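A short write-up of the structure that comes next.
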Amino acid sequence: MDSQRVMDYMMEVELAAEDVLSDKQQIVDLDSRRNRNREAMNVLRNSDSDHDKVKVCFGNMFIKFPKENTRSMIQKDQEQLEQEINNLRKGLKAKVNRLNDLQGKPELRGYNLSPLTGDELKAINSILKR
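For the sequence shown, counting from 1, position 87 maps to 87 in the UniProt record's numbering; every step adds exactly one.
Dropping the structure here:
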């Protein structure tokens, strides 16, 4: 009976750790896609050609597509990627805390910090300039 409890505990810890690792890997993959999109936007922005259409890779084929439509598609994809990455990061905090709790470790300090908003930053800067 005691060995079964230990096995159940170990399985629960392993599942929680796998969940954390899979979320971290998904964040890395999404960030890689986001960087490729950023590179594509820079190429479109710095392109010297006067062509109205550019070649875009969809899966395993290239299609000529209008520049503006391509730019808007990439921008929408960037926004979606940002949202997915932020959601994963928010969920990752709770999963890491749960894993630490299962392992008997204390909760991470300073892990729930968030950056200052623009208004807060302006207020601090105005106070410091006095």
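All C-beta atoms, glycine included, are put in the ideal place defined by N, C-alpha and C. The model shown is predicted, which means the values in this text are computed figures rather than measured ones.
| Check | Outcome |
| --- | --- |
| Of all the options L121, P106 and R89, which has the alpha carbon lying nearest to the alpha carbon of L30? | R89 |
| Quick one: what's V56 bridged to in DSSP? | I63 |
| Report the three-state DSSP secondary structure of L44 (helix, strand or coil). | helix |
| Can you tell me whether L113 is buried or exposed? The criterion is at least 16 other CB atoms within 10 Å of its CB, across all chains shown. | exposed |
| Exposed or buried, V96, counting other C-beta atoms within 10 Å across all chains shown (16 or more means buried)? | buried |
| Should V54 be labelled buried (16 or more other beta-carbon atoms within 10 Å of its own) or exposed? | buried |
| According to the neighbour-count rule (16 or more other Cβ atoms, all chains shown, within 10 Å of its Cβ), is T117 buried or exposed? | exposed |
| Beta carbon of L99, beta carbon of A17: below 7 Å? | yes |
| State buried or exposed for A123, treating a residue as buried only when at least 16 other CB atoms are found within 10 Å of its CB. | exposed |
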